[in-house]
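Q: First residue of the sequence shown? That's 419 in my numbering, and the numbers climb one at a time after it. The C-beta atom is built at its ideal place from N, Cα and C for all residues, glycine as well. Since the model is a prediction, treat every value here as computed from it, not as a measurement. If you scroll down you'll find the structure; I have some questions about it.
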Amino acid sequence: MVKPTYIAAFAALTTAKIAPSVHRHLESNEDVDVVIEFQGGNQRALEAARLERASFNDRGSNIAHVRSLLESNMETSQRAAVELLSSQPEAFTTRVESFYINGNMHVYGANRLVLDELAKLDNVARIRRPVAAQVSSVTSEDDEF
């Protein structure tokens, strides 16, 4: 028999992965846009690229190799999340974008059920709201640039 304290501890752990701002947003909305950060990020790929740097003769080959390592790392770290999202009927209304440069996944329109399942994955480090910066336009009265 599973003790209630273990169940409560597991629930607290998965809830801790989800940022408070996500919980607040879901109190008044059905869905939310989130960024999923994975354990280790892209550090393994960058370390492998650093160790293999000397084996490349030109900069272009080195850049292509680093990109290949980052893309491979992204696919590996996000595999469980992609499988979960594709198997969840609740996730069919979401849109997903993956970024190899930082290894994060952006999920647009995720609901609480989907986020709770994602938080249970071992390699998910954190689920947070995306950061949006507003940039004001710069105008000049001077015609010369």
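1) By how many angstroms is the C-alpha of GLU559 removed from the C-alpha of GLY521?
2) On the CB-based measure, 16 or more other CB atoms within 10 Å of its CB, does ILE519 come out buried or exposed?
3) Out of MET523, SER473 and SER505, which has the shortest C-alpha to C-alpha gap to GLU493?
4) Should ALA543 and GLN457 be called a contact, given that it needs their Cβ atoms to be closer than 9 Å?
5) Using the C-alpha atoms, what's the distance from PRO548 back to VAL532?
6) Between the segment 460-469 and the segment 478-487, can you find at least three pairs of beta-carbon atoms closer than 8 Å?
7) Mark GLU448 as exposed unless 16 or more other C-beta atoms lie within 10 angstroms of its C-beta, in which case mark it buried.
8) Tell me, please, which residues DSSP counts as bridged to VAL525.
9) From SER479 to ASP534, what distance separates their C-alpha atoms?
10) With DSSP collapsed to three states, give me the class of ILE519.
A: Inspection of the coordinates gives the following:
1) Translated into positions along the sequence shown, residue 521 becomes position 103. Translated into positions along the sequence shown, residue 559 becomes position 141. GLY521 and GLU559: Cα-Cα distance of roughly 42 Å.
2) Position 101 of the sequence shown holds residue 519. ILE519 is exposed by the Cβ-count criterion.
3) Residue mapping note: residue 493 aligns to position 75 of the sequence shown, counting from 1. Closest by alpha carbon: MET523.
4) One-based indexing of the sequence shown puts residue 543 at position 125. One-based indexing of the sequence shown puts residue 457 at position 39. Yes, these two residues count as a Cβ contact at 9 Å.
5) Position 114 of the sequence shown, counting from 1, holds the residue named residue 532. Position 130 of the sequence shown, counting from 1, holds the residue named residue 548. Spanning the two alpha carbons is a distance of roughly 17 Å.
6) yes
7) The residue given as residue 448 occupies position 30 in the sequence shown. When all chains shown are included, GLU448 counts as exposed.
8) If you number the sequence shown from 1, residue 525 lands on position 107. Per DSSP, VAL452 and VAL514.
9) In the sequence shown, counting from the first residue as 1, residue 479 sits at position 61. In the sequence shown, counting from the first residue as 1, residue 534 sits at position 116. The straight-line gap from Cα to Cα measures roughly 41 Å.
10) Residue numbering aside, residue 519 sits at position 101 when the sequence shown is read from its first letter. Here ILE519 sits in coil by DSSP.
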